[in-house]
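K.L.:
In the order they appear, the protein sequences are chains A and B. The first sequence runs 1 to 105 under the numbering used here. The second sequence runs 1001 to 1389 under the numbering used here. Every residue gets a Cβ at the ideal spot worked out from N, C-alpha and C, and that includes glycine.
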Amino acid sequence: MQEPTFLILTALAAGAQHGYGIMTDVARISDGRVRLRAGTLYAALDRLKADGLVTGDKEEIVGGRLRRYYRITDEGTEELAAEVRRLRANAAVAASRLGLAGGTA
Amino acid sequence: MTRMGEIEGHCTGRPGAREKWYRWLLALYPRDHRREHAEEMVGVLLAAAGAALVPGPRPAAWALRLGQDTVDSADLIAGALRIRGRMTLKRIKRARWLSRTARDQRWRDALAVVSVVAPLLLLVAALAEFSIPQVAASSITGHPHWRLDTYISASDLPLAVGAPAVAVLALLRRRRSAALVAVATAIGLIVVEADPAIGGYASPAVAFSILLAGTAAAALQLSPGPERGLAVLTGRGAALVGAGGLILGGFSVGGIAWLGHQNPQLGFTSFNSEVAGLPADLLIAAVLVGMAVFCLRTPVSRRVLVLLAIPVLPYAFLWQEKLAGDLLGPLGAAPGVIPSTIPLLYLPPLILACLIVAGTRLARHRSAGRTRQVRSRAAPAGPRGAVRA
Chain A
1 MQEPTFLILT
11 ALAAGAQHGY
21 GIMTDVARIS
31 DGRVRLRAGT
41 LYAALDRLKA
51 DGLVTGDKEE
61 IVGGRLRRYY
71 RITDEGTEEL
81 AAEVRRLRAN
91 AAVAASRLGL
101 AGGTA
Chain B
1001 MTRMGEIEGH
1011 CTGRPGAREK
1021 WYRWLLALYP
1031 RDHRREHAEE
1041 MVGVLLAAAG
1051 AALVPGPRPA
1061 AWALRLGQDT
1071 VDSADLIAGA
1081 LRIRGRMTLK
1091 RIKRARWLSR
1101 TARDQRWRDA
1111 LAVVSVVAPL
1121 LLLVAALAEF
1131 SIPQVAASSI
1141 TGHPHWRLDT
1151 YISASDLPLA
1161 VGAPAVAVLA
1171 LLRRRRSAAL
1181 VAVATAIGLI
1191 VVEADPAIGG
1201 YASPAVAFSI
1211 LLAGTAAAAL
1221 QLSPGPERGL
1231 AVLTGRGAAL
1241 VGAGGLILGG
1251 FSVGGIAWLG
1261 HQNPQLGFTS
1271 FNSEVAGLPA
1281 DLLIAAVLVG
1291 MAVFCLRTPV
1301 SRRVLVLLAI
1311 PVLPYAFLWQ
1321 EKLAGDLLGP
1331 LGAAPGVIPS
1341 TIPLLYLPPL
1351 ILACLIVAGT
1361 RLARHRSAGR
1371 TRQVRSRAAP
1381 AGPRGAVRA
C-alpha cells in the first residue's frame, strides 16, 4: 500500500471527512511530511472508491459549495488493519536488528 | 467559520481568476469525474490556496502564491492523467473484443502461425538492410555488384536492432517481451521515417516493415505463441514459409534490393534487371501465389493468409515497380507504374484489419444467437411442455 493511500485510510478511520478535511488530517498525521494536493487526493479517492475501500457519505452545501464526505468501508478497514500488522511486524524486525528498544523479534 | 468556509464565502460571487483557472484545468478530467467531483474539488483547491496564504512582503508572498499555484496546477494535471490512464486501462480490460477474437481456436492457431512467420520475415527484412540476402542472391545469380553493407544509419536502427530481438525472444518463448519489442520496432520505424528526406511513409518497403512489425506484435500478443505456431505448421508448411521468406527477402525486401540506386544522374549505377530481373519477378509472384494457394486449404491457413495479407499488401507496390522497371526500362521512365502514396499503402491493410475484427465479431454474435436458440429449444416448454409430458 502506498503511503498516501495509507494516510487517507488512516484519516478516514477516525470518521467520515470531506476532501479538505482529509488533506489537513493527512498533513497532521504525517507531521507535515506528506501534503496531499487536490489532484492527488481525488485521484486516490477515485481509485479507493473503485476498489471498494472508501465510499461516499453525506453531502452538504457550505458557503454555496458542495461538500462531500467520505468514509472508510469494512473492506477498507480490514485492508488498513492488515497493512498496520505488516508494517508493525517489519518495524519490529528492523528495531530488533538495530538493537532499538521495543524490538521483539 | 472555518478557513474553508471563509474561502468559500469569498467565492460564492463572481468566480475569480484562480477559480476560472482551476475550472479550466478540471476540463482535463473525464466528464463523469467532473460531474461528480468538480465542484468539491474547486472548493478544496480554493480552501487550500487560502490556507497557503502567508503574510509578508508583497513580492515574496506573490512568488510563494505563484509557486503554490504552479504546484497545484501540475498536481491537477497529473491527477487527470492518472484517472484517464486508469479509465483507459479499465476500458481495455473491459473491451475484450481482442481476446474474444483470439478466443476462437482457428484464429488463435492462425495467429500462432503468424507469430512464427512474421518475426521470420521481419528478420529477413533486417538482414536485407545490410544487403545480406542480396549478396547471397548475387552470388547465386553471378551478379557482381552487391557487397555487404555494413553502414548503419539512424533509419536502419529500429529494424536492425528490433527484428533480431523479436526473433530471439520469440525463439526463447518470451512471447510478451517479443510482442513489446515488435511494438517498439514499429514505433521506432514510424519515428525515424517521419523525416521525408529518409524516404518517408510513402515508401512501400517502409510500409511493409511497419505493418509487419505491427502484425508480429499482434500475433505474439494474442496467440498462444510460436510454440503452438510451429506445432500447427506442418513440415511442408514450414518449408514453404522458410523458402518463401528467403526468396522474398533475397530478391525483394527493401527498395534498394530490387532497384539498385535509383538516381543514375547523381553518378550511381542503376542495377535494374541485373540482380534478378524478370525471372525474379516471376519467381516472387509464383512464390506469393503458391503460398496463397497453399493457404486456401484449411480454415486455419486461410486465416493465416488473411493476417499476412496485412503487411504484404504494400508489397504489391514494390512488385509492380520492379516489374515495370524490368519490363520497360529505368524506373523513372517506366509508364503504367502506380505511384505509391500513403493512402494506397496504408488504407487497404487498415481496412483489411478492420474487416477481420468486424467479421469475427459478427460471427461471434451469430454463434451466440444460435447457441441461445438451441438452449431455448432444449429448455422445458413451460405449461404446454408439461401437458405434453
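Output yes or no for whether 8 angstroms exceeds the beta carbon distance between valine 1071/B and arginine 33/A.
P.N.:
Stepping through the second sequence from its first residue, residue 1071/B is reached at position 71. Stepping through the first sequence from its first residue, residue 33/A is reached at position 33. Cβ distance not < 8 angstroms, so valine 1071/B and arginine 33/A don't count as in contact.
K.L.:
DSSP three-state label for alanine 16/A, please.
P.N.:
As a position in the first sequence, residue 16/A is number 16, starting the count at 1. Three-state result, alanine 16/A: coil.
K.L.:
Smallest Cα separation from leucine 1288/B: which of Arg1303/B, Thr1298/B and Leu1240/B?
P.N.:
As a first step, residue 1288/B must be located in the second sequence, where it is residue number 288. Residue Leu1240/B holds the alpha-carbon nearest to the alpha-carbon of leucine 1288/B among Arg1303/B, Thr1298/B and Leu1240/B.
K.L.:
Can you grab the Cα-Cα spacing for the pair arginine 1228/B / glutamine 1105/B, in whole Å?
P.N.:
The residue you call residue 1228/B lines up with position 228 of the second sequence. The residue you call residue 1105/B lines up with position 105 of the second sequence. Their backbone Cα atoms lie some 12 angstroms apart in a straight line.
K.L.:
Against leucine 1045/B, what residues of chain A qualify as contacts under a CB-to-CB distance less than 8 angstroms, listed in chain order?
P.N.:
In the second sequence, the residue the question calls residue 1045/B occupies position 45. Chain A residues near leucine 1045/B: Ala38.
K.L.:
Looking at chain B, is there any beta carbon in it that lies within less than 8 angstroms of the beta carbon of aspartate 46/A?
P.N.:
For the purposes of this step, residue 46/A is taken as residue 46 along the first sequence, with counting starting at 1. Closer than 8 angstroms to some Cβ of chain B, the Cβ of aspartate 46/A qualifies, so yes.
K.L.:
What does the Cβ neighbour count give for leucine 1211/B, buried or exposed, with the cut at 16 atoms within 10 Å?
P.N.:
Here the question's residue 1211/B lines up with position 211 in the second sequence. By the 10 Å Cβ count, leucine 1211/B comes out buried.
K.L.:
List in chain order: all unbroken alpha helix (DSSP H) runs of 4+ residues lying wholly within the stretch 15-87 of chain A.
P.N.:
19-29 and 38-50
K.L.:
Kindly say whether alanine 43/A, judged by its beta-carbon, lies nearer than 8 angstroms to any beta-carbon of chain B.
P.N.:
Stepping through the first sequence from its first residue, residue 43/A is reached at position 43. Yes, alanine 43/A counts as interfacial toward chain B.
K.L.:
Measure the C-alpha to C-alpha separation of alanine 1126/B and valine 1312/B and round it to an integer number of angstroms.
P.N.:
Looking up residue 1126/B in the second sequence gives position 126. Looking up residue 1312/B in the second sequence gives position 312. About 16 angstroms.
K.L.:
Would you say alanine 1086/B faces chain A, with C-beta separation under 8 angstroms as the test?
P.N.:
Taking the second sequence and counting its residues from 1, one reaches residue 1086/B at position 86. The residue you asked about is not alanine; residue 1086/B is arginine in the sequence shown. Judged by the 8 angstroms Cβ criterion, arginine 1086/B is in contact with chain A.
K.L.:
Please state the DSSP three-state secondary structure of proline 1/A.
P.N.:
For this step, residue 1/A is matched to residue 1 along the first sequence. Note that residue 1/A corresponds to methionine in the displayed sequence, not to proline. Coil, per DSSP.
K.L.:
Quick test of the definition: if touching needs 3 or more C-beta pairs under 8 angstroms, does the stretch 1036-1045 of chain B touch the stretch 60-77 of chain A?
P.N.:
yes
K.L.:
Taking 8 angstroms as the threshold (C-beta atoms), are alanine 1112/B and glycine 1225/B in contact?
P.N.:
Residue 1225/B sits at position 225 when you count from the first residue of the second sequence. Residue 1112/B sits at position 112 when you count from the first residue of the second sequence. Yes; because the gap between Cβ atoms is below 8 angstroms, this pair is in contact.
K.L.:
Using CA coordinates, which residue listed in Tyr1315/B, Gly1244/B, Ala1202/B and Gln1320/B is at the minimum distance from cysteine 1295/B?
P.N.:
Walking along the second sequence from the start, residue 1295/B turns up at place 295. Among Tyr1315/B, Gly1244/B, Ala1202/B and Gln1320/B, the Cα nearest to that of cysteine 1295/B belongs to Gly1244/B.
K.L.:
My understanding is that glycine 1162/B touches glycine 1188/B, with C-beta atoms under 8 angstroms, so please give their C-beta distance in whole angstroms.
P.N.:
The residue given as residue 1162/B occupies position 162 in the second sequence. The residue given as residue 1188/B occupies position 188 in the second sequence. Confirmed, Cβ separation roughly 6 angstroms.
K.L.:
Apply the 10 Å Cβ neighbour rule to lysine 1322/B and answer buried if 16 or more other Cβ atoms are within range, or exposed otherwise.
P.N.:
Residue numbering aside, residue 1322/B sits at position 322 when the second sequence is read from its first letter. That one is buried.
K.L.:
Is the distance from the Cβ of tyrosine 20/A to the Cβ of alanine 1047/B below 8 angstroms?
P.N.:
To locate residue 20/A, count along the first sequence from 1; it is residue 20. To locate residue 1047/B, count along the second sequence from 1; it is residue 47. For tyrosine 20/A and alanine 1047/B, yes; Cβs fall inside 8 angstroms.
K.L.:
So that I know if they touch, is there some Cβ in chain A lying closer than 8 angstroms to that of alanine 1218/B?
P.N.:
The count along the second sequence starts at 1 and reaches residue 1218/B at position 218. No, its Cβ sits nowhere closer than 8 angstroms to a Cβ of chain A.
K.L.:
Runs of 3 residues minimum, wholly inside the stretch 1168-1256 of chain B: which ones carry the beta strand (DSSP E) assignment?
P.N.:
none
K.L.:
For alanine 1316/B, name the three-state secondary structure that DSSP assigns.
P.N.:
In the second sequence, counting from the first residue as 1, residue 1316/B sits at position 316. Of the three classes helix, strand and coil, the one that applies to alanine 1316/B here is helix, per DSSP.
K.L.:
Select from Leu98/A, Gln17/A, Gly64/A and Gly63/A the residue whose C-alpha is nearest the C-alpha of isoleucine 72/A.
P.N.:
As a first step, residue 72/A is located in the first sequence; it is residue number 72 there, counting from the start. Checking every option, the nearest Cα to that of isoleucine 72/A belongs to Gln17/A.
K.L.:
Given a cut-off of 8 angstroms, decide if glutamate 75/A and leucine 53/A are closer than it, judged by their beta-carbon atoms.
P.N.:
Taking the first sequence and counting its residues from 1, the one referred to as residue 53/A is at position 53. Taking the first sequence and counting its residues from 1, the one referred to as residue 75/A is at position 75. Leucine 53/A is a Cβ neighbour of glutamate 75/A, given a cutoff of 8 angstroms.
K.L.:
How many Å lie between isoleucine 8/A and isoleucine 22/A at the Cα?
P.N.:
For this step, residue 8/A is matched to residue 8 along the first sequence. For this step, residue 22/A is matched to residue 22 along the first sequence. Roughly 7 angstroms separates the two Cα atoms.
K.L.:
I need the DSSP call for serine 96/A, collapsed to helix, strand or coil.
P.N.:
By one-based count along the first sequence, residue 96/A stands at place 96. Helix.
K.L.:
Which residue's Cα is closest to the Cα of valine 1337/B: Thr1234/B, Phe1317/B and Ala1309/B?
P.N.:
As a first step, residue 1337/B is located in the second sequence; it is residue number 337 there, counting from the start. Here the closest residue by C-alpha is Phe1317/B.
K.L.:
Suppose contacts are defined by Cβ-Cβ distances below 8 angstroms. Is alanine 1160/B in contact with glutamate 1129/B by that definition?
P.N.:
For the purposes of this step, residue 1160/B is taken as the residue at position 160 of the second sequence. For the purposes of this step, residue 1129/B is taken as the residue at position 129 of the second sequence. By the CB criterion at 8 angstroms, alanine 1160/B and glutamate 1129/B fall inside the cutoff.
K.L.:
Cα separation between alanine 92/A and methionine 1/A?
P.N.:
For the purposes of this step, residue 92/A is identified with residue 92 of the first sequence, where counting begins at 1. For the purposes of this step, residue 1/A is identified with residue 1 of the first sequence, where counting begins at 1. Cα to Cα, the separation comes out at about 19 angstroms.
K.L.:
Give the straight-line distance between the Cα atoms of alanine 1218/B and alanine 1309/B, rounded to the nearest whole angstrom.
P.N.:
Locating residue 1218/B in the second sequence gives position 218, where the first residue counts as 1. Locating residue 1309/B in the second sequence gives position 309, where the first residue counts as 1. About 14 angstroms.
K.L.:
Would DSSP call phenylalanine 1130/B helix, strand or coil?
P.N.:
As a position in the second sequence, residue 1130/B is number 130, starting the count at 1. Phenylalanine 1130/B falls in the coil class under three-state DSSP.
K.L.:
Excluding the 5 residues preceding and the 5 following aspartate 25/A in the sequence, name in chain order all residues of the same chain whose CB lies nearer than 6 angstroms to its CB.
P.N.:
Counting from one through the first sequence, the residue named residue 25/A turns up at place 25. Same-chain partners within the cutoff: Ala11.
K.L.:
How is the alpha helix (DSSP H) around arginine 1023/B delimited, first residue to last?
P.N.:
On the second sequence, residue 1023/B is found 23 positions in, with the first residue counted as 1. Element bounds for arginine 1023/B: 1017-1026.
K.L.:
Near valine 1192/B, which residues of its chain fall below 8 angstroms by C-beta distance, leaving aside the five closest residues on each side in sequence?
P.N.:
Counting from one through the second sequence, the residue named residue 1192/B turns up at place 192. Around valine 1192/B: Ala1154, Ser1155, Leu1157, Pro1158 and Ile1198.
K.L.:
Looking only at C-alpha atoms, which of Leu45/A, Glu78/A and Glu79/A sits nearest to alanine 1406/B?
P.N.:
The requested residue 1406/B does not occur in the structure, where chain B is confined to residues 1001 to 1389.
K.L.:
Below 7 angstroms between beta carbons is the criterion; list the residues of the stretch 9-30 of chain A that meet it against any residue of chain B, in chain order.
P.N.:
Gly19, Tyr20 and Met23
K.L.:
Going by other Cβ atoms of all chains shown within 10 Å of its Cβ, with 16 needed for buried, is glycine 15/A buried or exposed?
P.N.:
In the first sequence, residue 15/A corresponds to position 15, counting from 1. That one is exposed.
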